[in-house]
Amino acid sequence: MRIAVPNKGRLHDPSVDLLERAGLHVVDGADRKLYADTVDPEVTILYARAADIPEYVSDGAADVGITGLDQVRESETDELVDLLDLEFGACRLVLAAPEEGSVESVTDLEGGTVATEFPNVTRAYLDEQGVDADIAEVSGATELTPHVDIADAIVDITSTGTTLRMNRLEVIDDVLESSVRLFAREDVVDDPKVEQVRTALSSVKTAEDKRYLMMNVPEENLDAVKDVIPGMGGPTVMDIAGEELVAVHAVVDEQSVFETITDLKAEGATDVLVTEIERLVE
125 MRIAVPNKGR LHDPSVDLLE RAGLHVVDGA DRKLYADTVD PEVTILYARA
175 ADIPEYVSDG AADVGITGLD QVRESETDEL VDLLDLEFGA CRLVLAAPEE
225 GSVESVTDLE GGTVATEFPN VTRAYLDEQG VDADIAEVSG ATELTPHVDI
275 ADAIVDITST GTTLRMNRLE VIDDVLESSV RLFAREDVVD DPKVEQVRTA
325 LSSVKTAEDK RYLMMNVPEE NLDAVKDVIP GMGGPTVMDI AGEELVAVHA
375 VVDEQSVFET ITDLKAEGAT DVLVTEIERL VE
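Going by my numbering, 213 is the number at position 89 of the sequence shown; the sequence numbering is gapless.
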């Protein structure tokens, strides 16, 4: 099975890192190579431009792909199935126009021009809004086009909005919320190896905001400690030989660890150990 992964840019390192944490360690994945093996002899990595990955998966050059939802929507490859939100590379495609200009809503673009690197997404959005406007496809510096009379507005990616503000542009409407996803062709969705990869990646994402707590607790305090732990179901309790203590293990949300430890200590828990979790298969 081939997994198409961005070969460079801001999505490359997080994608490769996620695969590594999921146990799919890349073997001999030197720069500028098209393919790389993994520790699983049945899985190969295909490096490609993020924008080309939907087409590669659709055409069968790869079975699954890691790329942004914006790239999939732009490619118009409808047969791809969204298997998993990988929760990085978050951004928005927005409609923006010059501050204090004549465009205050999408309807003001009737008969106007919109510049964008995403003509297919933009056309679908305008059609949905019932607005007839021309689209000027550009390959960069989209934010400059309204100031040189190429377009009345733009559809472009923004993460923080800083670039738009620097170019005196304001957001008129949200066009698309995007993040990096795991996609597959419809004909391989039920393949056991595809499900194995999806589960491995999902287990890493599930574990990211969880922590594993281990502690010793006096037997008479066990019920009180159980009430404190906001874990995933009941904690695991094990007897300690020769002691009037039990060992308690539990998985808790990272954001609750600080308060939970304080409460556990108040209920008699000792030797509290907190560790990260690499993977958590639910």
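All residues carry an ideal CB built from backbone N, CA and C; glycine is no exception.
A contact between stretches requires three or more CB pairs, one per stretch, nearer than 8 Å, and the stretch 364 to 378 fails this requirement with the stretch 282 to 291.
In this chain, the alpha helix (DSSP H) harbouring I385 covers 381 to 390.
Within the same chain, and ignoring the five residues on either side of E400 in sequence, the residues whose Cβ sits closer than 7 Å to its Cβ are R335.
Fully contained in the stretch 132 to 218 are the following beta strand (DSSP E) runs of length 3 or more, in chain order: 159 to 162, 168 to 172, 188 to 192, 204 to 209. Contact check for D256 against G235 passes: the beta carbons are separated by less than 8 Å. Between the beta-carbon of A308 and that of G147 there is about 19 Å, and that puts the pair past the 8 Å contact cut. DSSP, reduced to helix, strand and coil, places A348 within a helical segment of the structure shown.
In the three-state reduction of the DSSP assignment, S327 falls in the helix class.
Look at N291 here: in three-state DSSP terms it is coil, with no helix or strand label. Between the alpha carbons of V349 and E406 lies a distance of about 24 Å.
Per DSSP, the unbroken beta strand (DSSP E) holding E400 starts and ends at 394 to 400. Its chain contains L219, V230 as the residues whose beta carbon lies nearer than 6 Å to that of D297, once the 5 sequence neighbours on both sides are disregarded; these appear in chain order. Sixteen is the threshold: when 16 or more other Cβ atoms of the shown chains lie within 10 Å of the Cβ of T266, as they do, the residue is buried. By the Cβ rule, the stretch 181 to 198 does not count as touching the stretch 266 to 279, because fewer than three pairs are nearer than 8 Å. Boundaries of the alpha helix (DSSP H) harbouring L250: 243 to 253, taken from the DSSP string. The beta-carbon separation of E378 and V352, rounded to 16 Å, does not stay under the 8 Å limit for a contact. For V361, the beta-bridge partners assigned by DSSP are V372. R216 and S327 do not touch by the CB rule: their CB atoms are close to 28 Å apart, not below 8 Å.
Listed in chain order, the non-local C-beta contacts of I385 below 6 Å within the same chain comprise V396, local neighbours out to five positions each way being set aside.
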